[in-house]
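Written below as C-alpha cells is the structure these notes are about.
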Amino acid sequence: MERKGYETESYHVAGNDMLCDFYNEFIQDPNFQRRMKCYVETVDSHPDSKSQIDAMAEIPLKYKFYYNTLGTAKIRSPNYKEAYLERKVHSMQSRDSVIEKLREYVIQAGIPQDKAIAICPLRLLREVIKVSRIQKWENYIGTILSSSLTLKSSWKLSSYM
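Numbering (our numbering), first residue to last: 1433 to 1593.
Dropping the structure here:
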C-alpha cells in the first residue's frame, strides 16, 4: 500500500493496522487541526504506540512538540487551533524567562543558588520584593518585561519546524 509516495507496508508487516490507519489518515489530510486531532486521539487511545508514532519521520516535529509541551487538555480546549497552541507555548516560554530572571536577581541579592532554584515562583516574587527597595524593584521588573517582550515578539514556532 502506498500513499503520497510514502510506504506504509512496514506497518502492516509489523502486524499493527492501527499504525497504518493513523499514518494514512495523517498523511492524506493537509489540515493542521485535523492532523493534530488525529495525533492526539491516536496517542491517547494507544499510549503504548506513542514511541512508534513519534519515530515516524513523516510526522512533523511540531505535532510531537505541542503534545509533549502542552498535553491533551490544552490542545483540545481551543479545538486544535495552531495559532492558539503557538501563543500558549510562547506565553509559557515568556513566563519561564521572567522566572529565571527573578531567580538570578535573588541569587545576586545573597540567597544561595540551591535555595533560589527550589523556590516556587510566587515565593520567589515575594523574596525579590523583600530583598530590594520598591523603586529598584520597579525599574528591574520594567527592564525584564520590556526586554522579554521585545525578544519574544519576533519568535514563531512555525519558522523552526
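The C-beta atom is built at its ideal place from N, Cα and C for all residues, glycine as well. Quick caveat, the model's predicted, so the values are computed rather than measured.
Whole-Å CB distance - residue i paired with residue j, under 8 Å assumed
i, j, result
"Gln1465", "Tyr1512", "4 Å"
"Tyr1455", "Tyr1471", "Their Cβ separation, rounded to whole angstroms, is 11 Å, which puts Tyr1455 and Tyr1471 out of contact at 8 Å."
"Ala1550", "Val1538", "In fact, because the Cβ distance is near 11 Å, the residues do not count as touching under 8 Å."
Reference residue i; option with closest CA among the options
i, options, result
"Asp1476", "Asp1449, Asn1500, Ile1539", "Asn1500"
"Ile1485", "Pro1462, Asp1453, Thr1504, Ala1505", "Asp1453"
"Asp1461", "Ile1491, Ser1483, Pro1479", "Ile1491"
"Arg1535", "Met1524, Thr1474, Arg1555", "Arg1555"
"Phe1497", "Ser1509, Gly1542, Glu1514, Ile1543", "Glu1514"
"His1478", "Asn1463, Ile1459, Glu1457, Asn1448", "Asn1448"
Where residue i sits in the DSSP three-state scheme
i, result
"Gly1503", "helix"
"Cys1552", "coil"
"His1522", "helix"
"Asp1449", "helix"
"Ile1459", "helix"
"Lys1533", "helix"
"Tyr1512", "coil"
"Ile1485", "helix"
"Pro1492", "coil"
"Pro1479", "helix"
"Ile1539", "helix"
Distance CB(residue i)-CB(residue j) smaller than 8 Å
i, j, result
"Leu1493", "Val1521", "no"
"Ile1507", "Met1450", "no"
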